[in-house]
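Working notes for the structure below.
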Amino acid sequence: MRVEVTGRDAVVVHPEGEIDYSSLEPLRQALLDARIAGVREIVVDLREVTFLDSQGLAVILYAHQRQRSAGGRLILRNLNENAYRLLSVTNLTTVIDVDHGSQVAPAHSPVAPAQGQPVRTGQPTLAGQPRSRPGATRW
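Counting from 220, one number per residue, gives the positions in the sequence shown under this note's numbering.
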């Protein structure tokens with residue numbers, strides 16, 4: 220885990236390898252340290268992350284919520300295809316800022332559809348959940 224100070228109120232956290240239940244403590248601690256230091260913008264650069272599970276995502280989401288409640292923000296950068304898919308399936312791409320940087324966004328992202336593929340609009344749904352129509356009441 221490497222933490223890079225990029226400005227007076229900004230840091231970039233560079234986790235490496237797998238982020239799962241057994242290895243998420245360094246990420247949790249780095250995000251907490253940045254929050255305690257009063258950093259307004261935290262970028263989590265996932266370029267060197269080979270695996271991200273739901274526990275790692277929960278740590279990131281918690282840090283995002285803490286940053287937002289304090290008027291700051293958390294940005295994810297350089298997600299690989301699997302990490303982006305995890306965020307997309309959980310609908311967190313609409314909650315957490317994702318910076319695609321100079322890399323091409325994943326093919327199934329609405330911002331960069333694959334050649335010849337239709338652009339999906341509206342909210343993605345989880346498998347097995349009904350899609351709601353505009354104006355429809357969802358119970």
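We put the CB at the ideal spot given by N, CA and C, even for glycine.
Please classify residue i: does DSSP put it in a helix, a strand, or coil?
| i | result |
| --- | --- |
| Leu-256 | Note that residue 256 is Ala in the sequence shown here, rather than Leu. DSSP places Ala-256 in coil when its eight states are reduced to three. |
| Val-314 | coil |
| Glu-235 | coil |
| Arg-227 | coil |
| Arg-285 | helix |
| Arg-296 | strand |
Rounded to the nearest angstrom, how far is the Cβ of residue i from that of residue j, given a contact under 8 Å?
| i | j | result |
| --- | --- | --- |
| Arg-247 | Val-278 | 5 Å |
| Leu-265 | Asn-297 | 5 Å |
| Ile-261 | Leu-293 | 5 Å |
CB residue i to CB residue j, shorter than 9 Å?
| i | j | result |
| --- | --- | --- |
| Ile-315 | Val-268 | no |
| Val-232 | Leu-250 | yes |
| Leu-276 | Leu-311 | yes |
Apart from the five residues on each side of it in sequence, which residues of its chain come closer than 7 Å, Cβ to Cβ, to residue i?
| i | result |
| --- | --- |
| Arg-285 | Arg-254 |
| Thr-225 | Val-231 |
Who are the near neighbours of residue i in its chain, counting only those whose CB is closer than 6 Å to its CB and skipping five residues on each side?
| i | result |
| --- | --- |
| Glu-235 | Glu-267 |
| Tyr-240 | Gln-274 |
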